[in-house]
Amino acid sequence: MEFKEKLLASHLAFEERIDFSDPVHQTRLESLKTFEEKGFPSRKDEAWKYTSLNAVVRQDYALFPKKESTIQLKKVKKYFLYEIDTYKVVFIDGVYSPFLSDTTHDGLDVCLMSAALSKAKYRKLIDTYFNKITDKDDSLTALNTSYTQEGAYVYIPKSVVAEKPIEIIHFSTGKEKALWLQPRNLIVIDQNAQVQILERHQSLKDHNVVTNSVTEIYAHQDAFVDYYKIQNDLNTASLIDNTYISQEKNSNVRVHTFSLGGKLIRNNLNFYLKGQHCHSTLKGVTLLEAQQHVDHYTLVDHASPNCESHQDYKGVFSEGSKGVFNGKIHVDQTAQKTNAFQQNNNILLDDKATVNTKPQLEIFADDVKCSHGCTVGQLDEDALFYLRSRGIPKKEAKALMTYAFANNVLESVDLPILKKRINKLIAKKLGVNLGFDL
Amino acid sequence: MLTIENLHAQVEGKQILNGIDLDVKAGEVHAIMGPNGSGKSTLSSVIAGHQDYEVNQGTMLLEGEDLAELAPEERAHKGIFLSFQYPIEIPGVSVTNFIKTAINASRKAKGLEDMAANVMLKKIREKSSLLEIDSRFLSRSLNEGFSGGEKKRNEIFQMAMLEPKLSILDETDSGLDIDALKIVANGVNKLRSSENAIIVITHYQRLLEYIVPDFVHVLFDGKIVKSGTKDLAIELEEKGYDWIKEMA
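Chains as they are written, first to last, in this note's numbering: chain A, 3 to 440; chain B, 176 to 423.
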């Protein structure tokens, strides 16, 4: 049986396992229908021209996680921001791990999607927000929606500043040789509230795991959301990340995506600017080697006047790795005084790596400032010579320049401990000690 | 210190140096002058080991050791320093971090531990004040948005920090006003000692009023066509390069 058929056939069994009375049953069924009609995207779809899921979906995966596995904290501690206090929502092979988690209902909600779906007191929120800003035509999002059960649920009430960052971490243990995960996150930041969130998918040993994740983020008026995606998984793990962000008046949402490891990563990052004077920041550092493949597919939809968006993605590619950047900016006819900027700069460290980069600007308003630029190049030879003439060996000189290249993306990281970690990770990936404190 | 014999070099198939002989001893300052296109900058790039230049004949020895097979960084570790005519901008790396990295890379190559942070800091303070460099300047990205004068001062600051045996100053005077020129020249003069040597590459005599050379060589068509003392520089300033061309 093909994997698509398996997904369709298993749905009944899936819903039997959970409570039928939950409020999204109908949405699940509708979404399954969408997925049935559309199937997995193929390279014939313009949006998937440079990224093929064929090899991924030709295989078979376990859909239902077994009972919760336990992991010793000391074995996974390094994947947490253990140096500081955080809220944690942790899953092991798709199943919530109360032992590793640190949730709260004290003044804000940091808990589970399954709880939000099953408890009456959340009903109104689910009705208001669940699956409201997703792309209803997107088959992978529909697939995730049809299997919605678990994930993180975050609600920050009006004028509350979350004092600790929230870590959403998914571990996969490898107990299933091939595992298909579909976490579903709902994050609502009410008026004037603030939060920092980290999301990470991490397999603990080599095995074939594919995560098809959907996250909806609602930033209300004057809200501030600082979101970090850490993608540094093993070379056997793939991730399809579908993130949808709705912004109301004066809200500020920043998403940093660090793609440093994994087999195949597709980031569908969608911003919908619905109120005036929104700020949106999309930044990414991609540092790949071997056969890794990362595809950033961004959309910034300027649907209101006087908003500002900044996109800055840097990529460094070597040894047959492949990078794709497709950045779409849509400026509605009514969205006058829009400022929309987009940059995608790439360095190829050798001639086996490839990059495809494509800006897509659809501008229907006349009083706007929009710019885009993309570059693909090698490290500057004269600059390398300059560094080497000062005694810095070639490898370190390359690393220093690569680091410098990515540095302005890291500068806006507002969690010092995370910034340091990412810096160290980049240095480690480059295989050198940069010789100074990052 | 540096002995160059019959040096021939080409870049992208074009022969630039056609048999250079030069002997620079410790404690000496040599000026190399010449019209545009005579091969001055090529000579400095070849000594520093730029990969685009191919030495096809002759030898370069630093304290008796052949430089031919050494990478640029290895030449730096042996004590060669090139002050660039056009220093490269490296956004994202501060002057301080750059110089720390460079010093510790050289120390590592010599089997030494990293320089202690407080020693490094003291040295940076001392050498930056020598070149009248403001401390805020040190935390800026290397050469990014620097004025011509700031770039050249930064080059000499690096020279002061790295304490090379042989320094090559490639057109260090270009783009400098007279005040900046004096600061740079003053810095260089304070770094002169009986242990090190300096090669000053320049088109004009102006810099040589401040950094007084022991020897002056005139380069034309990839060869040294005339050598003399500092008076030769003055003669060139008065007569221009045409009589040299005629002589060649």
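For glycine and all other residues, C-beta sits at the position ideal for the given N, C-alpha and C.
Predicted model, so just to flag it, every value in this text is computed and none were measured.
Residues near residue i by beta carbon distance below 8 Å, same chain, minus five either side
i: S216 of chain B; result: Q260, D345, E346 and I376
i: A243 of chain B; result: V230, T234 and M235
i: Q338 of chain A; result: P307, N308, A367, D368, D369 and V370
i: S369 of chain B; result: A201 and G202
i: G109 of chain A; result: P159 and V162
Cβ shell of residue i (< 6 Å), same chain only, five flanking positions each side left out
i: V59 of chain A; result: F5 and F42
i: N272 of chain A; result: Y246 and L301
i: L55 of chain A; result: F42
i: N328 of chain A; result: Y299 and K360
i: A355 of chain B; result: G324
i: P425 of chain B; result: There is no way to answer for residue 425 of chain B, as the model of chain B reaches only from 176 to 423.
i: S261 of chain A; result: Q233, I267, T288 and V296
i: Q198 of chain A; result: P167 and D228
Integer Cβ distance of residue i from residue j, believed to fall under 8 Å
i: E85 of chain A; j: I419 of chain A; result: 5 Å
i: L305 of chain B; j: K401 of chain B; result: That pair is no contact at about 34 Å.
i: Y230 of chain A; j: S248 of chain A; result: 19 Å between Cβ atoms; not a contact.
i: L158 of chain B; j: H392 of chain B; result: Given that chain B is displayed from residue 176 to residue 423, the structure contains no residue 158 of chain B and the question cannot be resolved.
i: Y89 of chain A; j: T106 of chain A; result: 6 Å
i: M341 of chain B; j: N371 of chain B; result: Reading off the sequence shown, one finds Leu at residue 341 of chain B, where the question assumed Met. At roughly 7 Å, the Cβ-Cβ gap stays under 8 Å, so L341 of chain B and N371 of chain B are in contact.
i: D192 of chain A; j: I158 of chain A; result: 6 Å
i: W324 of chain A; j: H295 of chain A; result: It should be noted that the sequence gives Lys, not Trp, for residue 324 of chain A. Indeed they touch by this definition, with Cβ atoms about 5 Å apart.
i: H304 of chain A; j: V333 of chain A; result: 4 Å
i: E178 of chain A; j: D95 of chain A; result: 7 Å
i: E398 of chain A; j: A280 of chain B; result: 6 Å
Minimum Cβ-Cβ distance from residue i to chain A less than 7 Å
i: L257 of chain B; result: yes
i: H205 of chain B; result: no
i: H378 of chain B; result: no
i: H225 of chain B; result: yes
i: G267 of chain B; result: yes
i: I308 of chain B; result: no
i: A291 of chain B; result: no
i: S303 of chain B; result: no
i: I299 of chain B; result: no
i: I399 of chain B; result: no
i: I263 of chain B; result: yes
CA-to-CA distance, residue j to residue i, given in whole angstroms
i: G212 of chain B; j: D396 of chain B; result: 8 Å
i: E307 of chain B; j: D384 of chain A; result: 28 Å
i: S12 of chain A; j: Q278 of chain A; result: 44 Å
i: N358 of chain A; j: Y52 of chain A; result: 7 Å
i: E218 of chain A; j: K265 of chain A; result: 24 Å
i: Y315 of chain A; j: Q190 of chain B; result: 43 Å
i: V429 of chain B; j: L432 of chain A; result: Look at the range of chain B in this structure, 176 to 423, and you will see that residue 429 of chain B is not part of it.
i: T336 of chain A; j: I394 of chain A; result: 54 Å
i: F173 of chain A; j: Q204 of chain A; result: 5 Å
i: M115 of chain A; j: D289 of chain B; result: 51 Å
i: V255 of chain A; j: Y81 of chain A; result: 24 Å
i: K35 of chain A; j: A144 of chain A; result: 8 Å
i: T340 of chain A; j: K285 of chain A; result: 19 Å
i: L218 of chain B; j: S303 of chain B; result: 29 Å
i: S373 of chain A; j: A154 of chain A; result: 36 Å
i: L83 of chain A; j: G317 of chain A; result: 25 Å
i: A118 of chain A; j: D416 of chain A; result: 30 Å
i: E291 of chain A; j: G362 of chain B; result: 45 Å
i: R30 of chain A; j: A15 of chain A; result: 13 Å
i: K40 of chain A; j: A246 of chain B; result: 58 Å
i: L10 of chain A; j: F132 of chain A; result: 22 Å
Chain-order list of residues whose beta-carbon lies under 7 Å from that of residue i (same chain, five-residue window excluded)
i: G188 of chain B; result: none
i: I222 of chain B; result: M235, I255 and I343
i: E238 of chain B; result: M176
i: R250 of chain B; result: A223, G224 and L242
i: G375 of chain A; result: Q345
7 Å Cβ cutoff, residue i in contact with chain B
i: D347 of chain A; result: The question names Asp, yet the displayed sequence has Asn at residue 347 of chain A. No, no contact with chain B.
i: N425 of chain A; result: no
i: A406 of chain A; result: yes
i: N341 of chain A; result: no
i: N409 of chain A; result: yes
Below-7 Å beta-carbon distance, residue i vs any chain C residue
i: A251 of chain B; result: Although the question refers to chain C, the structure presented lacks it and instead comprises the protein chains A and B.
Positions along the stretch 380–396 of chain A whose CB lies within less than 8 Å of some CB in chain B: The stretch 380–396 of chain A vs chain B, Cβ under 8 Å: D382, E383, D384, A385, F387, Y388, L389, R390, S391, R392, G393, I394, P395 and K396.
Check each residue of the stretch 234–247 of chain B: if its Cβ is closer than 8 Å to any Cβ of chain A, include it; give the result in chain order. Within the stretch 234–247 of chain B, the residues whose Cβ lies closer than 8 Å to some Cβ of chain A are A246 and P247, listed in chain order.
Contact list for the stretch 336–358 of chain B against chain A, Cβ threshold 8 Å: Legend: CB atoms of the stretch 336–358 of chain B lying less than 8 Å from CB atoms of chain A belong to residues L337.
Residues of the stretch 244–278 of chain A with a CB closer than 9 Å to any CB of chain B: list them in chain order, please. Taking a C-beta cut-off of 9 Å against chain B, none of the residues of the stretch 244–278 of chain A qualify.
When you check each C-beta in the stretch 268–282 of chain B against every C-beta of chain A, which residues fall closer than 7 Å? Interface annotation for the stretch 268–282 of chain B against chain A: V268, N272, K275, T276, A277, N279, A280 and S281, criterion Cβ-Cβ distance under 7 Å.
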